[in-house]
Amino acid sequence: MSRPETAVWQPTACILCSRNCGIEVETRDRELVKIRGDKAHPVSTGYFCQKAQRLNFYQNHSDRLTSPLRRRPDGTFEEISWETAIAEIAAKLVALRENHGGQSLAYYGGGGQGNHLGGPYGKAFRTAMGTANYYSALAQEKTGGFWVDGRLYGRQNCHPTEDVEQAEVVVFIGTNPWQSHGIRNARTTLIEIQKDPNRKMIVIDPRRTETAALADLYLQVRPGTDAFLLGAILAVMVREDWVDHEFLAARTTGFETVRTMLEKIPIEAFAKRAGISLAAVEEAARLMAQAKSCAVRTDLGIEQTLNSTLNAWLRSLLFLLTGNFGKPGGNTFHTYLVPLIGHSEEGEKQMRSAVTGFPFITNLLPPNILPLEIDTDHPQRIRGLVVDSANPVVSAADTNAYRAAFAKLDLLVVIDVALTETAREAHYVLPAASQFEKWEATFFNLEFPKNAFHLRKPLFDPLPGTLPEAEIYTRLIHAMGALPDFPDLKAAAQKGRLPFAMMFQKLLATHPELLDLAPVILYETLGPTLPDGAASAAFLWASAHQFAAKYPEAVRRAGHQGDGPMLGESLFAAILSSHSGTLISVNEYEDTWDFIRHKDGRIHLEIPEMVEAFNQLDPKEPVETNGFPFVLVAGERRSYNANTIFRDPDWRKNDREGALRIHPEDAATLGLVSGDKVTCTSKRSTVTVQVELADSMCRGVVMLPHGYGLEHPANGAGRLRNGPRINELTSTAEMDPIAGTPYHKHVPVRLEKLA
Ligand code: SF4
Numbered sequence: 204m205s206r207p208e209t210a211v212w213q214p215t216a217c218i219l220c221s222r223n224c225g226i227e228v229e230t231r232d233r234e235l236v237k238i239r240g241d242k243a244h245p246v247s248t249g250y251f252c253q254k255a256q257r258l259n260f261y262q263n264h265s266d267r268l269t270s271p272l273r274r275r276p277d278g279t280f281e282e283i284s285w286e287t288a289i290a291e292i293a294a295k296l297v298a299l300r301e302n303h304g305g306q307s308l309a310y311y312g313g314g315g316q317g318n319h320l321g322g323p324y325g326k327a328f329r330t331a332m333g334t335a336n337y338y339s340a341l342a343q344e345k346t347g348g349f350w351v352d353g354r355l356y357g358r359q360n361c362h363p364t365e366d367v368e369q370a371e372v373v374v375f376i377g378t379n380p381w382q383s384h385g386i387r388n389a390r391t392t393l394i395e396i397q398k399d400p401n402r403k404m405i406v407i408d409p410r411r412t413e414t415a416a417l418a419d420l421y422l423q424v425r426p427g428t429d430a431f432l433l434g435a436i437l438a439v440m441v442r443e444d445w446v447d448h449e450f451l452a453a454r455t456t457g458f459e460t461v462r463t464m465l466e467k468i469p470i471e472a473f474a475k476r477a478g479i480s481l482a483a484v485e486e487a488a489r490l491m492a493q494a495k496s497c498a499v500r501t502d503l504g505i506e507q508t509l510n511s512t513l514n515a516w517l518r519s520l521l522f523l524l525t526g527n528f529g530k531p532g533g534n535t536f537h538t539y540l541v542p543l544i545g546h547s548e549e550g551e552k553q554m555r556s557a558v559t560g561f562p563f564i565t566n567l568l569p570p571n572i573l574p575l576e577i578d579t580d581h582p583q584r585i586r587g588l589v590v591d592s593a594n595p596v597v598s599a600a601d602t603n604a605y606r607a608a609f610a611k612l613d614l615l616v617v618i619d620v621a622l623t624e625t626a627r628e629a630h631y632v633l634p635a636a637s638q639f640e641k642w643e644a645t646f647f648n649l650e651f652p653k654n655a656f657h658l659r660k661p662l663f664d665p666l667p668g669t670l671p672e673a674e675i676y677t678r679l680i681h682a683m684g685a686l687p688d689f690p691d692l693k694a695a696a697q698k699g700r701l702p703f704a705m706m707f708q709k710l711l712a713t714h715p716e717l718l719d720l721a722p723v724i725l726y727e728t729l730g731p732t733l734p735d736g737a738a739s740a741a742f743l744w745a746s747a748h749q750f751a752a753k754y755p756e757a758v759r760r761a762g763h764q765g766d767g768p769m770l771g772e773s774l775f776a777a778i779l780s781s782h783s784g785t786l787i788s789v790n791e792y793e794d795t796w797d798f799i800r801h802k803d804g805r806i807h808l809e810i811p812e813m814v815e816a817f818n819q820l821d822p823k824e825p826v827e828t829n830g831f832p833f834v835l836v837a838g839e840r841r842s843y844n845a846n847t848i849f850r851d852p853d854w855r856k857n858d859r860e861g862a863l864r865i866h867p868e869d870a871a872t873l874g875l876v877s878g879d880k881v882t883c884t885s886k887r888s889t890v891t892v893q894v895e896l897a898d899s900m901c902r903g904v905v906m907l908p909h910g911y912g913l914e915h916p917a918n919g920a921g922r923l924r925n926g927p928r929i930n931e932l933t934s935t936a937e938m939d940p941i942a943g944t945p946y947h948k949h950v951p952v953r954l955e956k957l958a
């Protein structure tokens with residue numbers, strides 16, 4: 204594929220947060236010269252934020268890889284050919300699998316904020332490796348909520364979203380959409396809520412964030428006490444009988460247990476423990492319960508702190524007890540074209556990790572346990588690891604534990620666009636094409652009632668020496684001897700999708716063991732027949748057919764025509780040709796109840812483990828500081844931080860140092876002014892940071908941003924680290940007992956001024 208060297212505008216998407224806003228990019232040679240919102244995108248409709256303007260720093264920088272690398276015995280890397288790299292990696296993986304079993308292998312990552320198209324190929328690769336060990340950043344954040352969803356609704360992938368745009372009352376807990384987005388067209392939506400006298404916004408957060416500044420009611424909760432606050436709000440709802448009895452009777456079970464649990468708590472003491480007045484708690488409960496509609500949006504602030512799984516349950520009870528589910532302006536389910544997560548059985552069928560025995564949730568394992576699964580003498584320890592599009596050395600808890608564990612691996616392979624901190628620990632590094640050099644898509648399609656999918660065309664040819672993940676995995680699977688050739692299927696694909704469909708179905712019916720390899724089979728057979736080199740999108744053909752068969756009415760409402768297989772064909776054709784994205788489903792609110800997977804069709808409010816955890820909350824339990832008087836909230840989102848794919852520090856327009864924010868009165872007690880340097884010490888390590896005084900902070904709390912601590916070539920000065928590496932301070936041991944999600948938002952630290 205050759206592309207013009209003169210300036211052209213092309214549609215694609217921003218890849219810096221889960222919203223994946225549609226953008227149009229003016230490209231020149233291999234540069235992203237100008238960027239604007241894409242009005243044709245069905246979800247973002249032209250919206251984008253300031254971070255997208257800096258995407259050229261992702262596409263073009265001096266750490267881009269252009270050749271497979273192999274580590275030499277002295278620790279340096281040598282360039283090798285793709286053929287050598289694939290053959291050697293495949294042989295080592297097969298040897299580890301044959302000598303120690305599939306559980307000795309593991310996989311980490313498989314897609315960032317917008318590069319999910321390689322994910323199904325990674326799944327096929329795990330099948331070839333013979334392992335279920337799948338570690339993901341999602342299991343650093345969301346798995347507690349997924350586990351709760353599994354109990355409430357019947358499957359862990361019954362995932363509720365929130366209708367913030369139509370809600371009369373919107374509640375944001377542990378999230379700052381002004382900076383972290385997460386809701387559709389965040390800043391426009393927030394301003395609309397604020398300006399409308401008939402709507403209300405409640406914000407619960409330890410820092411008076413940009414979103415909190417717009418709120419009608421702001422509750423400055425003490426870090427780690429969210430469960431107390433949410434419990435107090437729920438208890439007020441029960442005390443005042445502000446619950447929706449009709450909804451609870453018609454749609455749920457288990458309310459009596461929940462009511463008894465909430466009636467027992469000392470509400471004022473719970474509120475006090477959270478640092479909130481009883482009057483404010485009562486006002487929050489009243490606003491939520493008496494509104495015509497109320498949507499609750501939560502994020503990392505309550506997911507990566509004490510009681511994170513309990514928080515997820517209590518958060519859900521806020522919209523369930525008030526009947527704000529399955530109706531406009533409430534919380535509800537959404538469709539998935541490509542499911543982002545699966546479901547892990549509990550009980551006798553529960554799958555667990557080999558060393559720590561930690562349970563899988565949504566088929567994922569939490570990064571917090573990975574060092575323990577490697578760095579041990581256990582015979583079933585992990586010995587070989589493949590990391591794709593992830594940088595756990597800096598993005599998972601405890602950088603030093605990760606480094607020590609990775610040094611024990613027999614094989615570490617990293618697939619990435621850049622020479623990351625994790626890649627520097629690898630035995631082999633495979634260079635991937637960037638997200639603008641290949642067909643790509645996000646699977647964060649979480650909208651309701653209208654859901655959309657955006658398959659993105661590449662803006663550029665792959666950088667010489669790089670390959671898309673689909674091709675990398677297919678070559679590896681072939682080299683491992685796990686993929687037969689399918690000449691008849693290839694021939695059928697050349698004749699058309701109908702004869703191909705019949706033969707493909709017959710193949711899977713007679714060889715069900717090939718089902719997990721379906722993405723690579725489709726890539727190799729149907730893929731070459733797709734236009735503009737879209738081979739890696741071939742598996743979406745099967746996804747479109749499954750989706751159309753599951754939700755025919757919703758797909759037709761989205762404008763796709765046909766019956767039976769023709770509806771799936773119509774949907775696939777639209778996905779392939781709509782370069783700004785296309786609507787895939789339009790649901791009715793009544794459809795909500797079809798998504799519930801419990802046999803009785805009801806929401807099961809009672810979760811015994813959660814009731815027990817709630818009953819153990821003790822507002823009088825003393826708070827021990829043990830020499831660490833501050834709570835560090837690690838990983839704040841700001842105007843110029845993003846995930847670790849931005850490696851060149853010049854992308855930032857401000858906050859180059861990634862300052863530690865502290866309340867002015869706390870700073871005064873330490874004799875600090877803005878710009879001073881301090882050491883920040885946790886149980887694990889010490890980092891040096893620059894201080895910024897901020898009266899938006901809660902007393903006793905300090906905050907550091909995420910996405911810093913990366914090394915980058917500096918002009919003539921080797922490699923320089925940019926800002927604090929916060930995961931040197933965090934610990935793998937500090938995690939939720941059910942989900943293994945880390946307590947990044949509750950890290951005890953002390954500060955000392957540097958001379
Ligand atoms: S909201 Fe997210 S996806 Fe949209 S432009 Fe900003 S960073 Fe990119």
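Residue numbering for the sequence shown follows our numbering, starting at 204 and increasing by one per position. Using N, Cα and C, we set each Cβ at its ideal position, and we do this for glycine too. None of the values given here were measured: they were computed from a predicted structure.
Could you check the C-alpha separation between residue i and residue j for me, to the nearest Å?
{"i": "Ser-885", "j": "Thr-463", "result": "40 Å"}
{"i": "Thr-882", "j": "Glu-624", "result": "23 Å"}
{"i": "Met-204", "j": "Ser-265", "result": "The predicted model places Met-204 with a pLDDT of 47, which falls under 50 and marks its position as unreliable, so this point remains unresolved."}
{"i": "Val-894", "j": "Val-836", "result": "14 Å"}
{"i": "Val-959", "j": "Leu-770", "result": "The requested residue 959 is not part of the displayed model; the chain covers only 204 to 958."}
{"i": "Leu-588", "j": "Lys-295", "result": "11 Å"}
{"i": "Phe-831", "j": "Pro-951", "result": "5 Å"}
{"i": "Tyr-261", "j": "Asp-766", "result": "43 Å"}
{"i": "Asp-821", "j": "Ser-511", "result": "16 Å"}
{"i": "Thr-330", "j": "Asp-719", "result": "7 Å"}
{"i": "Pro-945", "j": "Ser-877", "result": "30 Å"}
{"i": "Ala-487", "j": "Ile-386", "result": "21 Å"}
{"i": "Leu-219", "j": "His-319", "result": "13 Å"}
{"i": "Tyr-311", "j": "Ser-339", "result": "6 Å"}
{"i": "Asn-223", "j": "Lys-641", "result": "16 Å"}
Residue i: buried (16+ other C-beta within 10 angstroms of its C-beta) or exposed?
{"i": "Leu-701", "result": "exposed"}
{"i": "Ile-394", "result": "exposed"}
{"i": "Pro-595", "result": "buried"}
{"i": "Ala-482", "result": "exposed"}
{"i": "Ser-383", "result": "buried"}
{"i": "Gly-315", "result": "buried"}
{"i": "Lys-467", "result": "exposed"}
Taking only heavy atoms of ligand 1 into account, decide whether any of them is closer than 6 Å to the Cβ of residue i.
{"i": "Arg-411", "result": "no"}
{"i": "Leu-649", "result": "no"}
{"i": "Phe-251", "result": "yes"}
{"i": "Leu-954", "result": "no"}
{"i": "Cys-224", "result": "yes"}
{"i": "His-384", "result": "yes"}
{"i": "Cys-883", "result": "no"}
{"i": "Ala-418", "result": "no"}
{"i": "Ala-644", "result": "no"}
{"i": "Ala-243", "result": "no"}
Determine, using beta carbons only, whether residue i and residue j come nearer to each other than 7 Å.
{"i": "Val-367", "j": "Arg-489", "result": "no"}
{"i": "Gly-305", "j": "Thr-645", "result": "no"}
{"i": "His-947", "j": "Leu-509", "result": "no"}
{"i": "Ala-599", "j": "Asp-578", "result": "no"}
{"i": "Ala-515", "j": "Gly-347", "result": "yes"}
{"i": "Gly-910", "j": "Ala-862", "result": "no"}
{"i": "Ala-738", "j": "Pro-731", "result": "yes"}
{"i": "Val-246", "j": "Ile-238", "result": "no"}
Smallest Cα separation from residue i: which of the options?
{"i": "Glu-485", "options": "Leu-420, Phe-450 and Leu-513", "result": "Leu-420"}
{"i": "Thr-538", "options": "Leu-299, Val-905 and Phe-798", "result": "Phe-798"}
{"i": "Asn-829", "options": "Arg-953, Thr-795 and Asp-735", "result": "Arg-953"}
{"i": "Trp-350", "options": "Ser-547, Arg-410 and Ala-740", "result": "Ser-547"}
{"i": "Gly-225", "options": "Arg-800, Pro-214 and Gly-903", "result": "Pro-214"}
{"i": "Met-906", "options": "Leu-913, Val-373, Glu-914 and Ala-897", "result": "Ala-897"}
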